[in-house]
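Worksheet for the structure shown next.
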Amino acid sequence: MRTRAITMLSLAIMLSGCVQSASKNQSIPSSPSLTDLGQASPALENYTQKYVDNDLWKRPQLSPRDRSIVTIAALIARNDRVELPYHINLALNNGVKPGEISEIIAHLAFYSGWPSATSAAEITRRVFARRGITRAQLPQADVTLQPVDQKVEQARSTQVANSFNKVSSGTVEFTEKAVFGDLWRRPDLAPRDRSMVTVSALIASGQIEQIGYHLNRAMNNGLTQSQASEMLTQLAFYAGWPKVFSALPVVKKVFESRSS
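Numbering (mature numbering (1 follows the signal peptide of the UniProt record, and there is no 0)), first residue to last: -21 to -1, 1 to 239.
Set out below in structure tokens:
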């Protein structure tokens, strides 16, 4: 009996060690603290506190919720695994619903690629698990799609087909049935927010040619010029000044065309 008890105790200790090891392996990476940043770059620590935390995120031109959506979109587009867990948590605290985050990930699979979305899904799954958010609380695959303006969509569809069907008919096909016929019509992320996510991802990944169409669409969907302007300010910090300055001429042209 004593031998058996010792054996069972040893087994329990081994299993405990395995559980602790697994727990460590599954831990969510968090954004480095200001102190951590200072150990590598005191200047970065100072800029983060002075300009990002105490200035940028407190500017009134864009709500904390919208800033979180813009930031998450940029991080997913850039496949940034270090900052994303922190900003998923911050987004939830700022009023972004779990279902909206789920839809942002699905949306960016098409606009930033499946690998980036898959990476974001794994990180978000861990954040959700720690906060007790379950699959049942998220938008499911089959939903009732929102109606569309048939005249507007027909014009867009015809233009795409006439321009590119002979170049890549498969791309045109999936653009119609998957992107605009399905994804954009899902109801758990408002059209304005989908547009905001799309524009943010395009700027963050340097896709300048697509910005004009989607910024116009965003403003048609309710994004104001002031909000669009402040999105650029937010993205300067999270996507980089060069990406934003590359986008500025396109954004300027959109603003001018809508005011004339």
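Glycine residues also receive a C-beta, built at the ideal position from the N, C-alpha and C atoms.
For a test of the three-state rule: what should DSSP assign to residue i, helix, strand or coil?
{"i": "residue 286", "result": "As displayed, the chain neither begins before -21 nor continues past 239, which places residue 286 out of reach and without an answer."}
{"i": "Tyr149", "result": "First, the amino acid is wrong: residue 149 is Gly here, not Tyr. Residue state, collapsed to three classes: helix."}
{"i": "Asn144", "result": "coil"}
{"i": "Gln206", "result": "helix"}
{"i": "Asn33", "result": "coil"}
{"i": "Thr137", "result": "helix"}
{"i": "Ser2", "result": "Bear in mind that the predicted position of Ser2 carries a pLDDT of just 40, short of 50, making it unreliable; the figure below should be weighed with that in mind. Ser2: helix per DSSP, three-state reduction."}
{"i": "Leu69", "result": "helix"}
{"i": "Gln129", "result": "helix"}
{"i": "Asp15", "result": "helix"}
{"i": "Ser238", "result": "helix"}
{"i": "Asn58", "result": "coil"}
I need the straight-line Cα distance from residue i to residue j, nearest angstrom please.
{"i": "Ser174", "j": "Gly17", "result": "36 angstroms"}
{"i": "Gln119", "j": "Ser20", "result": "44 angstroms"}
{"i": "His193", "j": "Gln125", "result": "19 angstroms"}
{"i": "Trp93", "j": "Leu87", "result": "8 angstroms"}
{"i": "Phe153", "j": "Gln138", "result": "15 angstroms"}
{"i": "Tyr26", "j": "Asp172", "result": "29 angstroms"}
{"i": "Ser95", "j": "Asn68", "result": "19 angstroms"}
Can you find the residues in the same chain that come closer than 6 angstroms, C-beta to C-beta, to residue i, ignoring five residues on each side of it along the sequence?
{"i": "Gln213", "result": "Arg46 and Val49"}
{"i": "Glu79", "result": "Leu168"}
{"i": "Leu63", "result": "Leu54 and Ile102"}
{"i": "Ala56", "result": "Ser91, Ala180, Ala183 and Ser184"}
Which residues in the same chain have their Cβ closer than 8 angstroms to the Cβ of residue i, if we skip the five residues on either side of it in sequence?
{"i": "Glu24", "result": "Leu13, Thr14, Leu16 and Gly17"}
State buried or exposed for residue i, treating a residue as buried only when at least 16 other CB atoms are found within 10 Å of its CB.
{"i": "Thr177", "result": "buried"}
{"i": "Ala134", "result": "exposed"}
{"i": "Val233", "result": "buried"}
{"i": "Gln186", "result": "buried"}
{"i": "Trp163", "result": "buried"}
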